[in-house]
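Encoded as structure tokens, the structure appears first; notes follow it.
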Amino acid sequence: MLYFLFQHIFIGVLSGVTVSFIVVGWYGGLDVIEHGIIRFIIAWWGHAPLNYARFLDYAAEELNFLQKVGGGYVFIHRYLLEHFAEIAVEKGYVTPQGD
């Protein structure tokens with residue numbers, strides 16, 4: 109009798125966990141996991157720091173390259189933006205765009 113009860117409890121818990129993983133994955137959970145993996149790979153390759161928000165805050169507050177605007181950042185001057193864009197084109201990271 110006790111074994112029968114534990115067996116059904118185990119099946120219920122296992123079913124609940126399985127269904128919850130499917131539901132979370134379906135409603136954005138896989139996107140969160142994918143985002144974390146991509147951030148880790150980019151940091152592993154040395155293209156960006158793992159804590160990107162701290163890096164952007166440092167560039168805005170200490171280096172004065174960026175200005176925080178709402179939830180994002182903009183370059184403090186258009187020439188600085190064009191300089192970094194030119195470097196990215198020269199290294200082949202992006203293709204040149206027309207104005």
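Numbering of the sequence shown is given in the numbering used here, commencing with residue 109 and proceeding in unit increments. We put the beta carbon where it would ideally sit given N, CA and C, even for glycine. Being a predicted model, the structure only gives us computed values, none of them experimental.
A straight-line Cα-Cα distance of about 24 angstroms links residue 171 and residue 153.
Taking residue 203 as the centre and dropping the five residues before and after it, the same chain places the C-beta of 197 closer than 8 angstroms to its C-beta, in chain order.
Beta-bridge partners assigned by DSSP to residue 182: 175. By the Cβ neighbour-count rule, residue 110 is exposed, with fewer than 16 other Cβ atoms within 10 Å of its own. Measuring C-alpha to C-alpha distances from residue 168 to each of 115, 138, 181 and 124 identifies 181 as the nearest. A straight-line Cα-Cα distance of about 59 angstroms links residue 115 and residue 175. When 178, 179 and 193 are compared, the shortest CA-CA separation from residue 185 is found for 193.
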